[in-house]
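Protein chains: 2
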Amino acid sequence: MKYSVVIVEDHILLSQALSGLVNGFAKFKILYICKNGKELLTRFKDPKNIPDIVLMDINMPIMNGIETTAALKEQYPQVKVLALSVEEDENTILKMLRAGAKGYLLKDTEKSILENALIQVQETGFYHTKDVTNLLLGSLNPKEENNVMLKDREVEFIKHACTEKTYKEIANDMCLSPKTIEGYRDSIFEKLNLKNRTGLVIYAIKSKLFVP
Amino acid sequence: MKYSVVIVEDHILLSQALSGLVNGFAKFKILYICKNGKELLTRFKDPKNIPDIVLMDINMPIMNGIETTAALKEQYPQVKVLALSVEEDENTILKMLRAGAKGYLLKDTEKSILENALIQVQETGFYHTKDVTNLLLGSLNPKEENNVMLKDREVEFIKHACTEKTYKEIANDMCLSPKTIEGYRDSIFEKLNLKNRTGLVIYAIKSKLFVP
DNA sequence: TTTAAAAAGGGGTAAATCCCCCTTTTTTTT
DNA sequence: AAAAAAAAGGGGGATTTACCCCTTTTTAAA
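Line by line, the protein sequences are chains A and Z. Just so we're aligned: 278 in my numbering is position 25 of the first sequence, and the numbers increase by one with no gaps anywhere. Just so we're aligned: 443 in my numbering is position 190 of the second sequence, and the numbers increase by one with no gaps anywhere.
Printed below as a string of structure tokens:
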């Protein structure tokens, strides 16, 4: 009896190709393929569609891998999620692991490693490369506080700041006094150690608060 | 006799999965896989390694798809390049086609479409989806001049502008008068129809002049 | 040697940044 | 429940930077 695997991945060509790969493994077979997390949750309503393992991409439209993994942890904790992504950003990986992923694979890996990862996740409950393990260890002692807390209002302001609008126009759009906007800016500059609006824009894009 | 295909793609898992897919097609077989353009050109030194078709990713480290395709057009014009990318940006697609690609496929396509594309490229010399064809038609009458020519010095300035430096500091770093820098900025703003530095930063990142 | 471009500059206005300061409300702590 | 702290909103005024228009010099090209 083979273990069942579901692929959640928005790029059809990759998911179909992966499907072929996994079906070639001795112990696994693909149950079906989904294009995003929402589709997956819909499918899960039928118990026959619940697999042993979900191979989950992170960057997807509609419902991304992190949200989906968190939802699965809530509703279907027996399903093991193996994350699969090009994303090497530390925070993203940590978010995914916190959401309940049992393993994290880069797309830049050998197929034999994928097979090993699947086997380990199924049999021992987790699979992690050295890199991810080190990352986990590093995140235990939160060294220099990488995750600065920005308030909702500030985040909203930052998105406006990533446009050609002046602060006065932003104030108008957010129904606030220009002085309040200046206050947001100043506190953000201080928290993030920024010098000017250009720095803020770069930060916003790096941290995905704003997608250009 | 099957047509030979080489995959150039930096994500090993995808290239291996694709490899399985293509080997499953009746008329095609994978000759080998490369991780980037440089590796491909090295391989090509042995004539036995020259395939009928190259399946080429665009975003690669070391030597990207556009450079590589241009090089192939020069040195091995008989080899047909089929571009394969997640990139939907118009300029990127046009650059790739100008570099000599015979077709452009999004990774978000069915495997049957990949097979069709390979067949068409091999037999008729090109394959294009409706979207790409429309894009080509649009680029013939260069309507609103999508490809503004930026001078080298201006591009260099833009990269500096994507930092927290003031224009004065940029002038210093580029060994120019602040007034010259202002001149660069003004001409760029006019060419690209920008209002301020924030707009410039967003433009630079969108067009990949600056990678955050 | 004209012609154009690149580089440099002057001066003015608006925007951004940076200091101080304040009140009110909400949340947390004691 | 009272006190303290944090969050949200607002201000005055000074300095710097950014932005814009227009001119001159220097350099490179035709």
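Heads up, the beta-carbon is just placed ideally off N, CA and C, and yes, glycines get one too.
DSSP three-state assignment for residue i, whether helix, strand or coil
i                      : result
residue 384 of chain A : helix
residue 286 of chain A : strand
residue 430 of chain A : coil
residue 465 of chain Z : coil
residue 273 of chain Z : helix
residue 334 of chain Z : strand
residue 329 of chain A : coil
residue 353 of chain Z : coil
residue 371 of chain Z : helix
residue 358 of chain Z : strand
residue 295 of chain A : helix
residue 264 of chain A : coil
residue 279 of chain Z : coil
residue 378 of chain Z : coil
residue 345 of chain A : helix
residue 322 of chain A : helix
residue 460 of chain A : coil
residue 453 of chain A : helix
residue 300 of chain A : helix
residue 339 of chain Z : coil
residue 448 of chain A : coil
residue 441 of chain A : helix
residue 412 of chain Z : helix
residue 366 of chain Z : helix
residue 317 of chain A : coil
residue 425 of chain A : helix
residue 397 of chain Z : Residue confidence is low: residue 397 of chain Z scores 37 on pLDDT, short of 50, so the model does not pin down where it sits. Its coordinate-derived value is still stated next. The answer is coil: DSSP assigns residue 397 of chain Z none of H, G, I, E or B.
residue 407 of chain A : helix
residue 417 of chain Z : coil
Bridge partners - residue i, DSSP secondary structure assignment
i                      : result
residue 402 of chain Z : Answer by DSSP bridge pairing: none, since residue 402 of chain Z is not bridged.
residue 259 of chain A : A:285 and A:307
Chain-ordered residues of the segment 355-375 of chain Z with a beta carbon less than 7 angstroms from chain A: Against chain A - using a Cβ distance shorter than 7 angstroms - the residues of the segment 355-375 of chain Z are 360, 361, 362, 363, 364 and 367.
Between the segment 256-267 of chain A and the segment 283-300 of chain A, do at least 3 Cβ pairs fall closer than 8 angstroms? yes
Just checking, does the segment 347-359 of chain A make contact with the segment 310-322 of chain A on the three C-beta pairs under 8 angstroms criterion? yes
Given 8 angstroms, three or more beta-carbon pairs between the segment 299-312 of chain A and the segment 338-352 of chain A: yes
Using a Cβ-Cβ cutoff of 7 angstroms, what residues of the segment 262-273 of chain Z are near chain A? List them in chain order. 263, 264, 265, 266, 267, 269, 270, 271 and 273
To be precise: take each residue of the segment 427-457 of chain A, compare its Cβ to all Cβ atoms of chain Z, and keep it if any distance is under 8 angstroms. Which residues remain? If the cut-off is 8 angstroms between Cβ atoms, the segment 427-457 of chain A has 447, 448, 449, 450, 451, 452, 454 and 455 near chain Z.
Using a beta-carbon distance cut-off of less than 8 angstroms, what residues from the segment 276-305 of chain Z approach chain A? 277
Can we say the segment 398-417 of chain Z touches the segment 364-380 of chain Z, given the rule of at least three CB pairs closer than 8 angstroms? no
Taking beta-carbon pairs under 7 angstroms, can you tell me which members of the segment 318-348 of chain Z lie near chain A? 339
Should the segment 449-464 of chain Z be called in touch with the segment 412-423 of chain A, which here means at least 3 C-beta pairs below 8 angstroms? yes
Does the segment 269-281 of chain A come within contact of the segment 370-383 of chain A, defined as at least 3 CB pairs closer than 8 angstroms? yes
Chain Z contacts made by the segment 398-419 of chain A, where a contact means CB separation under 9 angstroms: 414, 415, 416, 417, 418 and 419
For the segment 291-306 of chain A against the segment 265-274 of chain A, do three or more pairs of beta-carbon atoms, one drawn from each stretch, fall closer than 8 angstroms, so that the two count as touching? no
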